[in-house]
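Notes follow the structure.
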Amino acid sequence: MLNIGIQESGDRLDLDPANIWAHAGRDIDSDTAAFEADPEHRAMPTYFLTFPSVKDPSWESRYPGRTTIDIAGLTTWSLFEPYAGSAWMRRGADYERLKDRHTEELLGQVFRFCPQLEGRIDHTELATPLSFNHFLGREKGDFMSLAHTPQRFALRDLGAHTHIPGLRLTGQDVASAGVSGAAIMGGVVASAALEREPWKTSRPDERRW
Numbered sequence: 001m002l003n004i005g006i007q008e009s010g011d012r013l014d015l016d017p018a019n020i021w022a023h024a025g026r027d028i029d030s031d032t033a034a035f036e037a038d039p040e041h042r043a044m045p046t047y048f049l050t051f052p053s054v055k056d057p058s059w060e061s062r063y064p065g066r067t068t069i070d071i072a073g074l075t076t077w078s079l080f081e082p083y084a085g086s087a088w089m090r091r092g093a094d095y096e097r098l099k100d101r102h103t104e105e106l107l108g109q110v111f112r113f114c115p116q117l118e119g120r121i122d123h124t125e126l127a128t129p130l131s132f133n134h135f136l137g138r139e140k141g142d143f144m145s146l147a148h149t150p151q152r153f154a155l156r157d158l159g160a161h162t163h164i165p166g167l168r169l170t171g172q173d174v175a176s177a178g179v180s181g182a183a184i185m186g187g188v189v190a191s192a193a194l195e196r197e198p199w200k201t202s203r204p205d206e207r208r209w
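Per my numbering, the sequence shown starts with residue 1, numbered consecutively.
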C-alpha cells in the first residue's frame, strides 16, 4: 500500500471521494495467475485507490491545505519472502529497489486516474507485506484478513460463538476482508451476545446498520 501526502486541499486538486478499483483486464483470475507465475516482470493485476481526507467533511478544518491518498496493489509474498529475516529499516539495497519499483507502479495508476496530480505529490511512503508483519503481527503480509479460500470459510470454529463461555469472535478474520466485513461481523457478534436479532425487532426508523 502506498500512502501519499499532498500540501494542497482536495478541492484545489479536483478529487472525487469515490473509491476506484482497477484491473489489468476482464479475466481477473487469469491475470492474477499470470502475475503470481512471474511477479518480477508483470504488473500487478488489481489496484484499489481511495481518498481518505476527501471523504472526511471535517478534514479541511482540522488539517487545512493537506490531502491524503492511499493506493493498494495486489502483490505476492514470494517477492518479499527473501527479506523476511531482516530487520525493519535495515532490509538492504535490493529490498529498497523492490519498494521503489512498487512505488513507481502504484504512482503510475494514481496518475492514470488523476493526471492532475503529476508534479504535485509531496510525500510517499510504501507499506509492504513485511511492514504489515512488523506492525500488525501478521505472517505473510496478509493485512486484509485470512485468505479467502474454501477451507477458511468451512472452518466451524470461525464464527461469533466459541466453546469458551462469554467469548465471542468478531472482525474481518471471522467474516470477510476489509471495513465492510468487520462492520458486518460487529452486527453478527452483537446479535450473538444479545441472543436476539436486533435488525428484525427494531423499527425501520431505528435501524442504523
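For glycine and all other residues, C-beta sits at the position ideal for the given N, C-alpha and C.
Predicted, not measured: the structure shown is a model, and the values here were computed from it.
- Taking each of Leu169, Glu197 and Pro165 in turn and checking the Cα distance to Arg156, the smallest one comes out for Leu169.
- Between Pro39 and Leu79 the beta-carbon gap is near 5 Å, inside 8 Å, which marks them as a contact.
- Closest by C-alpha distance to Leu13, out of Phe111, Ile28, Gly25 and Ala22, is Phe111.
- The continuous beta strand (DSSP E) containing Ile4 extends over residues Leu2 to Ile6.
- For the stretch 22–58, the continuous beta strand (DSSP E) assignments of 3+ residues that do not extend past its boundaries occur at 46–50, in sequence order.
- Linking Glu139 to Ala37 through their CA atoms gives a straight-line distance of about 21 Å.
- Beta-carbon to beta-carbon, His41 and Asp31 are separated by about 14 Å, too far to satisfy the 8 Å threshold.
- Here DSSP, grouped into helix, strand and coil, assigns Leu79 to helix.
- Residue pairing of Gly73 in beta bridges, as defined by DSSP: Tyr47.
- Under DSSP, Ala147 takes part in no beta bridge, so it has no partner.
- Of the residues assessed, Met89 falls on the exposed side of the cut-off, its CB having fewer than 16 other CB atoms within 10 angstroms.
- Glu125 has Asn3 as its beta-bridge partners, per DSSP.
- Ile69 and Ala43 have their C-alpha atoms roughly 21 Å apart.
- The Cβ atoms of Leu126 and Thr103 sit closer than 8 Å to each other.
- Comparing C-alpha distances from Gly159 to each of Ala192, Ala87, Ser145 and Met144 shows the shortest one belongs to Ala192.
- Each of Thr128, Gly119 and Gly108 was checked against the Cα of Arg97, and the nearest Cα belongs to Thr128.
- Assignment of Arg62 by DSSP, reduced to helix, strand and coil, places it in the helix class.
- Cβ neighbours of Leu136 within its own chain (closer than 8 Å, five residues either side excluded): Phe143.
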